[in-house]
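Q: First the structure, which I've put down as C-alpha cells, then a few questions once you've had a look.
In C-alpha cells:
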C-alpha cells in the first residue's frame with residue numbers, strides 16, 4: 007500500500023486531511039505534516055521523516071506539498087527516492103482523493119503521483135469559462151420569449 011504524506015505551510019495539511027476524511031472516512035496511511043512558521047529546518051525535516059515513516063508500510067509513499075519552491079517542498083526533496091518516494095506540488099483536495107483512491111491499486115509510486123497530479127490539474131477551472139456557454143444560451147432564450 008502506498009502511503010500519503012501532506013506537507014504544507016501552516017495548518018493546510020491538517021485541514022486537507024480532515025476534508026478528505028469527511029468525504030472518504032476509511033482513509034488510511036494519510037499523514038499530515040503542518041510546518042509552523044517559526045520551526046527550524048532540522049525540526050521540520052525530522053517531522054517530515056516521522057510522517058513518512060508513519061505513512062509508508064513498505065509500499066512507498068507520495069508526498070503532496072502545497073507550493074513548488076516553498077519551504078515544505080524544498081525540505082521534502084531530500085526524501086525523494088526512485089520507485090519509493092515521489093513528490094507532487096500544488097496539492098488540492100481532488101489530487102489528494104485521487105491519490106488515496108490509488109493507494110491499494112498496485113500501481114507504481116511514480117504512476118500514482120502522475121495520476122494524482124493530472125487529477126489535481128483537471129479540477130482547476132475559472133467558473134465563468136464553464137458558465138459562459140450556458141449564460142449565452144440563457145440570455146438568447148430570454149430574448150426569444152414574448
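Residue numbers (my numbering): 7 to 152.
All residues carry an ideal CB built from backbone N, CA and C; glycine is no exception.
1. Thinking C-alpha only, which one of 71, 10, 111 and 135 is nearest residue 18?
2. Report yes or no: do three or more beta-carbon pairs, one from the segment 42 to 53 and one from the segment 94 to 109, lie closer than 8 Å?
3. In or out: residue 97 buried (at least 16 other Cβ within 10 Å) or exposed?
4. Can you give me the C-alpha to C-alpha distance between residue 55 and residue 62, rounded to a whole angstrom?
5. Pick out whichever of 117, 110, 130 and 135 has its Cα sitting closest to the Cα of residue 8.
6. DSSP on residue 42, reduced to helix/strand/coil?
7. Can residue 11 and residue 50 be called in contact, C-beta distance under 7 Å?
A: Quick answer:
1. Translated into positions along the chain shown, residue 18 becomes position 12. Closest option to residue 18, Cα to Cα, is 71.
2. Proximity of the segment 42 to 53 to the segment 94 to 109 falls short of the contact definition, fewer than three beta-carbon pairs being nearer than 8 Å.
3. In the chain shown, counting from the first residue as 1, residue 97 sits at position 91. With 16 or more neighbouring CB atoms inside 10 Å of its own CB, residue 97 falls in the buried class.
4. Position 49 of the chain shown, counted from the start, is the residue given in the question as residue 55. Position 56 of the chain shown, counted from the start, is the residue given in the question as residue 62. Between residue 55 and residue 62, the C-alpha separation is close to 10 Å.
5. For this step, residue 8 is matched to residue 2 along the chain shown. Residue 110 is the option with its Cα nearest to residue 8.
6. Residue numbering aside, residue 42 sits at position 36 when the chain shown is read from its first letter. Here residue 42 sits in coil by DSSP.
7. Along the chain shown, read from residue 1 onward, the residue named residue 11 stands at position 5. Along the chain shown, read from residue 1 onward, the residue named residue 50 stands at position 44. No; because the gap between Cβ atoms is not below 7 Å, this pair is not in contact.
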